[in-house]
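Those protein sequence lines, which keep their order, are chains A and B. For what it's worth, my numbering labels the leading residue of the first sequence as -5, then goes sequentially. For what it's worth, my numbering labels the leading residue of the second sequence as -5, then goes sequentially. Glycine included, every Cβ here is placed at the ideal spot set by N, Cα and C.
2 protein chains.
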Amino acid sequence: MKRKPAVTSREVAELAGVSQSAVSRCFSPKASISEKTRRKVLKAAKELGYRPNSIARSLITRSSRTIALVLSTLDNMFYPLAVEKASLRFQAEDYHLLLFVVPEDGDFAGVMDRILQSQVDGILMMSALLTSSLAEECVETGVPVVLLNRNVAFEGVSQVYSDNYHGGFWAGSYLAMGGHQRAAFVSGLESSSTSRRRHQGFVDGLASHGLTCHAVVHGNYDFEQARQATRELFAMSPRPDAIFVASDHMAVAVLETLRHELGLRVPEDVSVIGFDDTPVSAWPSYRLTTVRQPVDQMIEEATTLLLKQIREEAVVAEHRVLPVTPILRATARRPVAASVD
Amino acid sequence: MKRKPAVTSREVAELAGVSQSAVSRCFSPKASISEKTRRKVLKAAKELGYRPNSIARSLITRSSRTIALVLSTLDNMFYPLAVEKASLRFQAEDYHLLLFVVPEDGDFAGVMDRILQSQVDGILMMSALLTSSLAEECVETGVPVVLLNRNVAFEGVSQVYSDNYHGGFWAGSYLAMGGHQRAAFVSGLESSSTSRRRHQGFVDGLASHGLTCHAVVHGNYDFEQARQATRELFAMSPRPDAIFVASDHMAVAVLETLRHELGLRVPEDVSVIGFDDTPVSAWPSYRLTTVRQPVDQMIEEATTLLLKQIREEAVVAEHRVLPVTPILRATARRPVAASVD
DNA sequence: GCACAAAATGAATACGTTTGCAAAACAGGC
DNA sequence: GCCTGTTTTGCAAACGTATTCATTTTGTGC
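What follows is the structure, given as structure tokens:
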């Protein structure tokens, strides 16, 4: 099977007996064209199997109708679901997604360079580490950017994330009210703002009941590292009696390790609270008590914000923080008499 | 912040005091350019913040260096991992991935149209339903396509998948040798070749030990539907004593339902075998006996094949079927005396 | 310094569209 | 049929790059 040379609007024009402009106008929604020539053109187009070349179109319209989606890993189910939703949303608006996976330790600046070269109309970054300088560079080039689920100390770029601080605060006070004395924290990436905010909220939540954080170990949002972190936690003495984990993905690792490796009962021996509320967390084997992030809403806000910035000439950065919902399930001991809010 | 007009090679040329061609040559790896002018150009480029416009480049080179990745859902972890690997692989070859998510019941032909319009250099379809006519259309237009993990009754398009039949066959004979009498099958999408091949192998595997398939229910590769299918299975009488499930994603749903809803023990009351070997399957809570698909190898083969077809003028379709590995864990009763191979 | 090959350069063209502009076709009212 | 106002149409100029070809510059061995 040999490659056919692509058929152009000129060839269609010739066959239909009209000018090339007429053909072009047939494929532009708002252009002015008579019904008669439209029929002629569409007939010829179909006969030749013509499809407008979107590269050429992009060149002249200076818009690729493409969004760069950058993320660092897909092994936490939170992200695949977010990607799927974002994809559907953008497709509905006739935008395409260009996927960039950049490992946490990868050459982020290099990827950034390629993104900018690829002439995308906008950038949606999911939990990618964006240094302030890189963020500035984006803004300099004038490409709209929105950061999802991660923030950066630079006002100039739009960000949507959920209320990590209060999620952490709730976890801290809920565990305190459940009568726990030694609540520990399994962090995500130390460099991530999300993990830091959750941690801070957690510490403050405990403090509001006169407690301090018993220990902190680093799970780096990774399943295996979270297991290892759990082992370290329980090699300490005294052992924690509760754990707040920076993501459900890691929380499951913690649960598995607690139950099947350390032989502990949850929540009788240890309480566990996660963050995200991924589908796994609701499975009967886990029934994880957690803090729900409103994924749908986050994606909706982020895409809407990005599309808005693309359409408008002047880009003005906005920050949106979405509320979080405690999901009471079976892995954290419930406070006996008091109500929590 | 206002949008800056993009800086072009011509402006760089002017600043550097050279021709536009010289600038272009500086950014083409193999072009002939003196060290002296290269320095001048790069200096000017950096000063102006110039980046070659890949749209214009694509137009002239007739290659977008972009691959369409089409899939229907990301909620089975098999796919996110595959996507991540594919992405890394293509990025390393300086190709970009354009993501197309098309729901199982979505307008596939419409998406296909957009893919073709977007001038991708190749298409990688993961488990998407491609009708023969659509496949032919692809081949007609001359865009290289490779189907991953799904095949279609059309020789003209390249396909890589694993040995579904023998995976199913092994499951059937392993369950038979384990002394099960009433082994049932939870299918994936009925229209999918993978599910059908696994089913066929399973039936033949049972038959090789003189057994027949006790029942078939449809899970459509969906978690909830798999739960429902399990309920149906156990509403029947007599109940099955073993289940082969067309994917691990569904197998976990089956396990959850069996244990926590029907109060059955696995493998004492019922044995369960899955397919894929996703990370979840190895978690201590499940320890799912399953048939491993060599994801890494599948992606490697598929990407290599696609890149090869892109580079070569004439496209010749190839089929690659990769071997599958039984993973013996804890959800299926082991045969007592005999060895299986 | 010279002859010659090799390397580097610039002018010009092409890629396949969209779109402003002016000419042409059309419709309606007399 | 003529004048006016509105569509419809074709021409031609972009968009920003890669690349061919002819020309100029550089390098090498004497």
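For a quick check, are the C-beta atoms of residue i and residue j less than 8 Å apart?
| i | j | result |
| --- | --- | --- |
| residue 220 of chain A | residue 283 of chain A | no |
| residue 223 of chain A | residue 180 of chain A | yes |
| residue 137 of chain A | residue 150 of chain A | no |
| residue 111 of chain A | residue 48 of chain B | yes |
| residue 228 of chain B | residue 256 of chain B | yes |
| residue 232 of chain A | residue 264 of chain A | no |
| residue 250 of chain B | residue 23 of chain A | no |
| residue 119 of chain B | residue 139 of chain B | yes |
| residue 242 of chain A | residue 270 of chain A | yes |
| residue 298 of chain B | residue 80 of chain B | no |
| residue 66 of chain A | residue 97 of chain A | yes |
| residue 285 of chain B | residue 320 of chain B | yes |
| residue 247 of chain B | residue 230 of chain B | no |
Nearest by alpha-carbon distance to residue i: which of the options is it?
| i | options | result |
| --- | --- | --- |
| residue 1 of chain B | B/161, B/254, B/129, B/45 | B/45 |
| residue 162 of chain B | B/239, B/322, B/107 | B/239 |
| residue 62 of chain A | A/84, A/306, A/287 | A/84 |
| residue 214 of chain B | B/112, B/121, B/262 | B/121 |
| residue 7 of chain A | A/22, A/31, A/50 | A/31 |
| residue 274 of chain A | A/65, A/111, A/71 | A/71 |
| residue 189 of chain B | B/174, B/158, B/126, B/293 | B/158 |
| residue 170 of chain A | A/130, A/330, A/311, A/16 | A/330 |
| residue 54 of chain A | B/37, B/55, B/50, B/54 | B/50 |
| residue 336 of chain A | A/320, A/186, A/272 | An answer regarding residue 336 of chain A cannot be provided, because it is not within the stretch -5 to 335 covered by chain A. |
| residue 276 of chain A | A/306, A/-1, A/292, A/245 | A/245 |
| residue 308 of chain B | B/134, B/292, B/291 | B/134 |
| residue 293 of chain A | A/82, A/37, A/29, A/36 | A/82 |
| residue 322 of chain A | A/280, A/305, A/306 | A/280 |
| residue 305 of chain A | A/107, A/37, A/56 | A/56 |
| residue -1 of chain A | B/-1, B/99, B/113, B/86 | B/113 |
How many Å lie between residue i and residue j at the Cα?
| i | j | result |
| --- | --- | --- |
| residue 237 of chain B | residue 326 of chain B | 9 Å |
| residue 177 of chain A | residue 212 of chain A | 15 Å |
| residue 300 of chain A | residue 58 of chain A | 15 Å |
| residue 76 of chain A | residue 132 of chain B | 30 Å |
| residue 19 of chain B | residue 13 of chain B | 10 Å |
| residue 141 of chain A | residue 109 of chain B | 27 Å |
| residue 204 of chain A | residue 172 of chain A | 13 Å |
| residue 145 of chain A | residue 69 of chain A | 21 Å |
| residue 259 of chain B | residue 94 of chain A | 44 Å |
| residue -5 of chain B | residue 303 of chain A | Unreliable placement is indicated for residue -5 of chain B, whose pLDDT of 44 sits below 50; the coordinate value is still reported in the next sentence. Residue -5 of chain B and residue 303 of chain A: Cα-Cα distance of roughly 11 Å. |
| residue 26 of chain B | residue 10 of chain B | 17 Å |
| residue 175 of chain A | residue 78 of chain A | 41 Å |
| residue 268 of chain A | residue 312 of chain B | 47 Å |
| residue 125 of chain B | residue 206 of chain B | 31 Å |
| residue 391 of chain A | residue 74 of chain A | For residue 391 of chain A there is no data in the structure shown, the boundaries of chain A being -5 and 335. |
| residue 143 of chain A | residue 200 of chain B | 50 Å |
| residue 64 of chain A | residue 290 of chain B | 22 Å |
| residue 17 of chain A | residue 130 of chain A | 42 Å |
| residue 36 of chain B | residue 21 of chain B | 9 Å |
| residue 339 of chain A | residue 28 of chain B | The displayed coordinates of chain A run from -5 to 335. Any statement about residue 339 of chain A would go beyond what the structure contains. |
| residue 127 of chain B | residue 266 of chain B | 38 Å |
| residue 252 of chain B | residue 86 of chain B | 44 Å |
| residue 60 of chain B | residue 191 of chain B | 32 Å |
Counting C-beta neighbours from all protein chains within 10 Å, is the total for residue i 16 or more, i.e. buried, or is it exposed?
| i | result |
| --- | --- |
| residue 295 of chain A | buried |
| residue 34 of chain B | buried |
| residue 225 of chain A | exposed |
| residue 102 of chain B | buried |
| residue 310 of chain B | exposed |
| residue 4 of chain B | exposed |
| residue 254 of chain B | exposed |
Any heavy atom of the ligand NAD closer than 7 Å to the CB of residue i?
| i | result |
| --- | --- |
| residue 101 of chain A | Questions concerning the ligand NAD fall outside what the structure shown contains, since it holds no ligand whatsoever. |
At least three beta-carbon pairs within less than 8 Å, the stretch 35 to 42 of chain A to the stretch 81 to 93 of chain A: no
Given 8 Å, three or more beta-carbon pairs between the stretch 182 to 201 of chain B and the stretch 160 to 174 of chain B: yes
Touch test, the stretch 306 to 319 of chain B against the stretch 146 to 157 of chain B, Cβ-Cβ under 8 Å, three pairs minimum: yes
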